[in-house]
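Since the structure comes first, as structure tokens, the remarks are kept for the end.
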Amino acid sequence: MHHSSREGRLGAALVEAADTLSETFDTVTYLRRLSDHCVALLDASAAGIMLIESGETVSFGVSSRRQELALELLEVQHRGGPCLESYGSGEPVPPVAIRAAHASSRWPDFTERALRYDIGSTFAVPLRRNGTPLGALNVFVPGPAHPSPAPPRSPADETGLLLAQTLADAAALGLANHRVFTQYRTLTGQLQEALSSRVRIEQAKGMLAERRRTGMDEAFIALRQYARSHRLPIDEVATDVIAGTEDASELGRERPGPA
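Note that my numbering has the sequence shown beginning at 38, numbered continuously upward.
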């Protein structure tokens, strides 16, 4: 039953990780949900995900369980920690005993803060997509630390790393897909606006040509000259013409000069 429950939770986590193609997508909520799944799957104290771009942290997402702990242990890593190490190397940081790491001055700020929260060990795995690092997932494990600075890795450690890396890979894929989705939505909006603008300009040209009893080319020149002289976008002038505002009426009486 335990394995079935864990497998079901992992399946649910992977489905959530893939569900990013939505206009209501929120990065922090997304990362929190995946961190919650990680905590439940690994029976950890807390977990958090750090997103990094060009060496700068851009977002945190931490588990609901012991949220303050997770957020503080991510924030304190600006001078070094498992997240930054995993992000920099692109490789997992296997379980590290906090007391042993502190005694060897590995990540001193991070380990000092972790000891205050009675964290026994920690590990991190990278978020990466097509070789590009996006951040790291950090897991905080309760219990006494190993007495040795380099304890042998157990099957449980290997399983934990594998599960965490699976979630991190799914998250990286979901985030990359959302980024592409957002870019295409933005491009689609820009193309639609450009098309709508062109339609408005053509409509204004026709109205102005009819009003002035002139050709379409001459009407367009008048639109353009008016826009330049008043330092306005030509689309805004076209909208004025269509709406029949006072400025548009004045434009209709202008004589176009050289193009």
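Glycine residues also receive a C-beta, built at the ideal position from the N, C-alpha and C atoms.
Look at G211 here: in three-state DSSP terms it is helix. For L106, the enclosing alpha helix (DSSP H) begins and ends at Q104 to E112. Counting only residues of its own chain and dropping the five nearest sequence neighbours on each side, A205 has a CB closer than 6 Å to the CB of V162, L164 and L174. P179 is a Cβ neighbour of I156, given a cutoff of 8 Å.
Of all C-beta pairs linking the stretch 97-116 to the stretch 72-85, three or more are shorter than 8 Å, placing the two stretches in contact. In the three-state scheme derived from DSSP, where H, G and I count as helix and E and B as strand, G180 is classed as coil. In this structure, I279 is the residue among H115, I279, Q220 and A84 with its C-alpha nearest to the C-alpha of E247. Closest option to F160, judged by alpha-carbon separation, among P170, R166 and P129: P129. For a cut-off of 8 Å, the C-beta gap from R166 to A209 is around 4 Å, short enough to register as a contact. For E128, no beta strand (DSSP E) segment is defined, and its DSSP state is neither H nor E. Counting other Cβ atoms within 10 Å of its Cβ, G45 stays below 16 and is therefore classed as exposed. Taking R150 as the centre and dropping the five residues before and after it, the same chain places the C-beta of E109, L110 and V113 closer than 8 Å to its C-beta, in chain order.
Taking 8 Å as the upper bound for CB-CB distance, T276 and R237 are in contact here, some 6 Å apart.
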